[in-house]
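Student: Sharing a structure with you now.
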Amino acid sequence: MNLDEQVALLTRGSAGITPQGGLEQKLKRSSETGKPLKVKLGLDPTAPDIHLGFAVVLRKLRQFQDLGHQVILIIGDYTALIGDPSGRSATRPMLTDEQIAQNGATYVDQLSTILDREKTQVRFNGEWLGKLSFAEVVRLSARMTVAQVLERDDFQKRYRAGEPIGLHELLYPLAQAYDSVAIEADIEMGGQDQMFNILAGRGLQKELGQEPQVGFFMPLLVGLDGEKKMSKSLGNYVGVQDVPNEMFGKLMSIPDTALATYFELTTDVPMDEIKALLAAAEQGEVNPKDVKKRLAREVITIYHSAQAAAEADAHFESVYSRKEAPSEIPEAAFAAVDAKDGKVWICKLLASVGLSKGTGDARRTVLQGGAKLNGERISDPNLELALTDLDGAVLQVGSRHFVRVRTT
RNA sequence: GCCGGGUUGCCCGAGUGGCCAAAGGGAGCUGACUGUAAAUCAGCCGGCGAAGCCUACAGCGGUUCGAAUCCGUUACCCGGCACCA
């Protein structure tokens, strides 16, 4: 692959590279000297949270690896002491060394589905941050000014709003910047929200006489709602370890407006093809639903397999589009204890089998016409069923909750 | 330590004595519709075999015929001020 092709590949989906032309320069030098680039990614050890949004960055790293470069993951065990100031007032829980080590391991484990283990180095930043003496910290601090740090959006907002900013929080960017110095990073990858921290790395490297790293930013993927960023806490995410059917369903629920972004950032479908697909959908030549299904299949193929993708598609068609009962219906035991004189109240049954939160909820569902027994809609919330012909009966709530009853 | 503000249902958030199982929004559930588990519209959305009753507005105690609302107290959170100097 020549340089232009490499650049084209790498810049796909990127939200920006600082400085302009920096990537080309680094790549060029690397190919001339035969020395792989060190590409850094900092990770917060608090919560291994691998979803498609995070995967955007990881997949980009993988591309670097495939071009022969070295990825260095930095687990921020030390920076975790501070906590990224991006959040609000919530104090981060202190983690024990053990937890951090374990989280680190979990991370590496999950990450390896995307990254090439061979070309991935994992470091903990306590390794060097822990060795700094107070004097050295002071000396490093002298390399950054308060004005620079306060420039940061988060701080600006909090400062204006009169919210407290801990002195230690000002050290966060410094600490992260020092990571870049410690490993002599060529490139630091991160989401757009990491802009400040990553640029701080450049600054500090320059101050200390190193060649500054290139900041490589990826956009934050929007979540399933199509508006907010994808995150576990917002619950609008697709986990890379989600089972195929779940992935498929979740991806089908994204709004059309998010389609282009998802294709670009989460799949390997060539840009030309993506454009053609979207244009066809726009003009009504293709049903946009089918384009979205294609997206879902592409993603599932990456994290599972093409076969799993096809199966999930078929499952979705049958269960949701045609509203058929799934081939495998979960079974639930119903204890005869809840029966009276060999009869079972329908609401009790729905509740005890887990289809309703309680008899009140069940009653509502029935009144709203949401319950079916063996495919027949139930309309009477006072219905009594004979316990004897219950075994094997299929109960359904709405169009997608099925349970096969087992009397025990 | 002192002063002030706060703590409401899954989440956010209104409510300052009865009309409060508590506005509104979000999430969730059901139905209709459709190109989907999208969007839109409608209904539901503490518990109870449903009548009424019970449990709920941080905990406890009190005032009152009646308290999410008033008083006291405890805990926690957020500001500010002070002490250690």
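Start counting the first sequence at 19; every next residue gets the next number (our numbering). All residues carry an ideal CB built from backbone N, CA and C; glycine is no exception.
#1: By the 10 Å Cβ neighbour count, where 16 or more other Cβ atoms means buried, how is F234 classified, buried or exposed?
#2: With 16 other CB atoms within 10 Å as the buried threshold, where does Q259 fall?
#3: Within its chain, find whatever has a CB closer than 8 Å to the CB of A73; leave out the 5 residues flanking it on each side and keep chain order.
#4: Does R223 pass the burial test, meaning 16 or more other C-beta atoms within 10 Å, or should it be called exposed?
#5: Enumerate in chain order the residues of its own chain whose CB-to-CB distance from Q83 is below 6 Å, with the five nearest sequence positions on each side excluded.
#6: To the nearest angstrom, report how far apart A343 and M270 are at their CA atoms.
#7: Please state if the CB of Q128 and the CB of V68 are separated by a distance shorter than 8 Å.
#8: Using 7 Å as the cut-off, classify the Cβ of K56 as near or not near the heavy atoms of the ligand ATP, replying yes or no.
#9: Could you tell me whether the Cβ atoms of N143 and D204 are closer together than 8 Å?
#10: When the Cβ atoms of the stretch 153-171 are set against those of the stretch 208-221, are three or more pairs found closer than 8 Å?
#11: Which stretch, first to last residue, makes up the alpha helix (DSSP H) that contains K137?
#12: Excluding sequence positions up to five away, which residues of its chain have a Cβ less than 8 Å from the Cβ of I201?
#13: When you compare the CB positions of L45 and V75, do they come within less than 8 Å of one another, or not?
#14: Just the Cα atoms here: how many angstroms apart are D22 and R315?
#15: Please list the terminal residues of the continuous alpha helix (DSSP H) segment that includes G439.
#16: Can you tell me whether DSSP reads V371 as helix, strand or coil?
#17: Just tell me which of A411, R422, K361 and F420 has its CA closest to the CA of N400.
#18: Counting C-beta neighbours from all protein chains within 10 Å, is the total for T406 16 or more, i.e. buried, or is it exposed?
#19: Using the three-state DSSP reduction, which class does E154 fall into: helix, strand or coil?
#20: Quick one: complete alpha helix (DSSP H) runs, 4+ long, within the stretch 282-337?
#21: Do you know how far the Cα of H186 is from the Cα of L478?
#22: Among P348, I118, T319 and L61, which has the Cα closest to the Cα of E206?
#23: Taking just the CA atoms, how far does T275 sit from Q243?
#24: Return the residue from the list A278, V256, L277 and M19 that minimises the CA-CA distance to K268.
Tutor: Inspection of the coordinates gives the following:
#1: buried
#2: exposed
#3: I132, V258 and T284
#4: Position check: residue 223 holds Gln in this sequence, whereas Arg was assumed. Under this definition Q223 is a buried residue.
#5: V89, D134 and K137
#6: 19 Å
#7: Per the sequence shown, residue 68 should be read as Ile rather than Val. Closer than 8 Å, so yes.
#8: Within the structure as shown, the ligand ATP is missing, as the structure has no ligands at all.
#9: no
#10: yes
#11: Run containing K137: none; DSSP gives neither H nor E here.
#12: K56, K58, I90, I92 and R141
#13: no
#14: 30 Å
#15: Only positions 19 to 426 of the chain appear in this structure, which leaves residue 439 out of reach.
#16: coil
#17: K361
#18: exposed
#19: helix
#20: 289-300, 306-321 and 324-334
#21: Nothing can be reported for residue 478: it is not among the residues displayed for the chain, which extend from 19 to 426.
#22: L61
#23: Checking the sequence, you will find Asp at residue 243 rather than Gln. So the two alpha carbons sit approximately 10 Å from each other.
#24: V256
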